Amino acid sequence: MVTAVALFTALAVLLLWGLSLQLQRQLRDQVLERAQLRSQQLADAMAGQMDTSLAVLDLGLLSLRTAWPKSREAFDEVEQQVLATLPRGLVSHLSVIDAGGTVVYNNLGVAPGTFVGDRPHFQALRQGGDRLVVGEPVRSRLTGEWLVIVGRPMFRDGVFAGAVHFNVQSEHLA
């Protein structure tokens, strides 16, 4: 009788242990599924936020490039309006580049003349038609900061006349 009780006890312990291991696996799988779902939701939210930021930047660039050939006062007014609509800290500065790749204006007050014509983002704007270009992170030649250049080409009579850039803080994007 003692042997039978010991056997049944051992069998019950083994059964409970097996069930415990199975429940742990199920619980782990559920936690992983939830974590994956949360990660996907977070990634979707971040992608939506990035899409919105790029759309706002693009609208600003379109407004700025339209205002550029006009008077300096008109450009300054549009610049202030556009920058006021952007999230604080998103944009380090904006710059206007001529067709040759030389910065002719920036809102930092740094003297014009910095050459950016060799940068891939500028070359893409020069070659690529009327589209928004988001460059890879680069170290700014004006500030020394790591920035992501978001730009639009400017055209005069259908000919490439330069570009307008927002210099976006890489830390803000991260």
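Mapping the sequence shown onto my numbering, position 139 (from 1) lands on 139, and the numbers just tick up by one.
Backbone N, C-alpha and C define an ideal beta-carbon position, used for all residues, glycine too.
For clarity, every value in this text was computed on a predicted model and none was experimentally measured.
Check                                                                                                        : Outcome
Per-residue DSSP class, three states only, for Thr102                                                        : strand
For Leu147, three-class secondary structure by DSSP                                                          : strand
Proximity of Leu147 and Gln127 at Cβ, strictly below 8 Å                                                     : no
Local Cβ density within 10 Å of Leu94, reported as buried at 16 or more and exposed below that               : buried
Burial state of Arg88 (16 or more Cβ within 10 Å)                                                            : exposed
Given Thr66 as reference, the closest of Ala45, Ala47 and Val96 once Cα atoms are compared                   : Val96
Candidates His165, Asn107, Phe155 and Met154, of which the one nearest Gly135 by Cα                          : His165
4-residue-minimum alpha helix (DSSP H) runs that sit fully inside the region 67-127, ordered along the chain : 72-85 and 120-127
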